[in-house]
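**Student:** In my numbering, the protein residues as written are 233 to 359.
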């Protein structure tokens, strides 16, 4: 998704493409995922909040952005990018910044649970 200039320029440096988006399976595996993003077209303004945006307007804009994401062939790649960076602003991969924080917290909790579960098995095997 296109980003404001105050954020990473990784995606914004690639010019927006117009025309049909190729299915992910037909895409050149060497091309970056964001070249196929639906949001690279005309809807980029939906994905980032203007300053002092009223709550009702923000919720409406975020829902519209999520509808764009829902039809995007690279939704999963976009979401994972935003979770791994982590992207602090905007709608990425169909998730708001707050929703991404929840996903990241759940992943961290799950990772800790898996580590705890693995430790007793390791100690039992050693003993």
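Cβ atoms here follow ideal geometry from the backbone N, Cα and C, with glycine treated the same way. Remember, predicted model here, so these are calculated numbers, not experimental data.
Buried or exposed: residue 328, going by 16 or more other Cβ atoms within 10 Å of its Cβ?
**Tutor:** Buried, because 16 or more other Cβ atoms sit within 10 Å of the Cβ of residue 328.
**Student:** So does the stretch 300 to 309 actually touch the stretch 338 to 347, counting three or more Cβ pairs closer than 8 Å?
**Tutor:** Segments in contact, no.
**Student:** Compare the C-alpha of residue 326 against each of 269, 298, 336 and 309 and name the closest.
**Tutor:** Among 269, 298, 336 and 309, the Cα nearest to that of residue 326 belongs to 298.
**Student:** Please state if the CB of residue 315 and the CB of residue 332 are separated by a distance shorter than 7 Å.
**Tutor:** Yes, the Cβ-Cβ distance between residue 332 and residue 315 is below 7 Å.
**Student:** Would you call residue 294 buried or exposed, if buried means 16 or more other Cβ atoms sit within 10 Å of its Cβ?
**Tutor:** Result: buried.
**Student:** My guess is that residue 290 and residue 296 are in contact by the Cβ rule of under 8 Å, so how many angstroms apart are they, rounded?
**Tutor:** Not really, about 11 Å apart at Cβ, beyond 8 Å.
**Student:** Only counting the same chain, and skipping five residues up and downstream in sequence, which positions put a Cβ closer than 6 Å to that of residue 322?
**Tutor:** Cβ neighbours of residue 322 beyond the five flanking positions: 279 and 280.
**Student:** Using the rule of at least 16 other Cβ atoms within 10 Å of the residue's Cβ for burial, across every protein chain shown, is residue 348 buried or exposed?
**Tutor:** By the neighbour-count rule (16 or more Cβ atoms within 10 Å), residue 348 is not buried but exposed.
**Student:** Buried or exposed: which applies to residue 269, given that a residue is buried once 16 or more other Cβ atoms fall within 10 Å of its Cβ?
**Tutor:** Answer is buried; the Cβ neighbour count reaches 16.
**Student:** What are the boundary residues of the alpha helix (DSSP H) that residue 288 is part of?
**Tutor:** Where residue 288 is concerned, the enclosing alpha helix (DSSP H) stretches over 287 to 302.
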